[in-house]
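Numbering (the UniProt record's numbering), first residue to last: 1 to 211. Think of the CB as a built atom: it goes at the ideal place given N, C-alpha and C, for glycine as much as any other residue. For clarity, every value in this text was computed on a predicted model and none was experimentally measured.
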DNA sequence: CTCCCGATAT
DNA sequence: ATATCAGGAG
């Protein structure tokens, strides 16, 4: 069955109703903390990132303080998040660049953010949409999977899905819809064992399957 | 495309 | 035992 534009709008409306009260899963108290948390979240659960950042930010939560730690201590602090050597190296280099070129403040455009080591399109989208309230749809593993299953946007790479979602969703809902899709992916439309029977979209979903 | 990588769910 | 987790760089 074909997923029409009208059905896509219905899906978004339902998700918006079901997940209207969700907050970002990552814990942070400043733009810099969010940036670091998102970098750490690559191939790691948000729960693990929050445990790690609680301890890390108590020690250092500014680029200057992270630089003062040194790369070895940073590696030890973030080890549990995985990919820890490359993440530590990238974070140190990003902090240096933020201090040298942005007066210690997190840059505010996708283009500038993506120049930071360890910051790709997905991370940049998250930061601008959450911190600077700029409409954006960050396509992470959840958004990618859920969008393809629902056929809200179909594609074999994140950028294609991002562009498809921007067409299917009105701009004023981009940032909120990004969170709805993530939480739907986390709680219901899971990768390995999706809870199709209890899905609020089961009547509309082209991938609906009984267990 | 491969590599980075520990923790967790299944 | 293995697939997956708020990806990005080379």
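Taking residue i as the reference, which of the options has the closest Cα?
i, options, result
"residue 10", "203, 209 and 23", "203"
"residue 109", "131, 95, 48 and 91", "131"
"residue 133", "157, 176 and 158", "176"
"residue 58", "39, 91 and 33", "33"
"residue 178", "112, 113 and 153", "153"
"residue 3", "167, 150, 44 and 211", "150"
"residue 185", "209, 38 and 142", "142"
"residue 136", "30, 166 and 23", "166"
"residue 113", "65, 192, 36 and 66", "36"
"residue 41", "72, 82 and 71", "82"
"residue 90", "105, 138, 50 and 63", "63"
"residue 8", "168, 172 and 115", "168"
"residue 190", "147, 156 and 174", "147"
Hey, quick one: how far does the alpha helix (DSSP H) through residue i stretch, first residue to last?
i, result
"residue 100", "84-101"
"residue 76", "71-78"
"residue 123", "121-131"
"residue 286", "Nothing in the structure corresponds to residue 286, since the chain is present only between 1 and 211."
"residue 32", "31-40"
"residue 195", "Run containing residue 195: none; DSSP gives neither H nor E here."
"residue 14", "5-18"
"residue 185", "174-187"
"residue 158", "158-168"
"residue 57", "46-59"
Only counting the same chain, and skipping five residues up and downstream in sequence, which positions put a Cβ closer than 8 Å to that of residue i?
i, result
"residue 68", "60"
"residue 15", "177, 180, 181, 184, 200 and 201"
"residue 48", "80 and 81"
Quick check on the burial criterion: 16 or more other C-beta atoms within 10 angstroms. Buried or exposed for residue i?
i, result
"residue 170", "exposed"
"residue 79", "exposed"
"residue 122", "buried"
"residue 210", "exposed"
"residue 53", "buried"
"residue 1", "exposed"
"residue 140", "buried"
"residue 195", "exposed"
"residue 107", "buried"
"residue 129", "buried"
Using C-beta distances below 7 Å, list every residue in its chain close to residue i, excluding the 5 sequence neighbours before and after it, in chain order.
i, result
"residue 75", "84, 85 and 88"
"residue 144", "158 and 161"
"residue 56", "77 and 78"
"residue 95", "63, 66 and 67"
Please work out which residues of its chain come closer than 6 Å, Cβ to Cβ, to residue i, disregarding the five sequence neighbours upstream and downstream, and give them in chain order.
i, result
"residue 119", "113"
Should the stretch 155-167 be called in touch with the stretch 186-202, which here means at least 3 C-beta pairs below 8 Å? no
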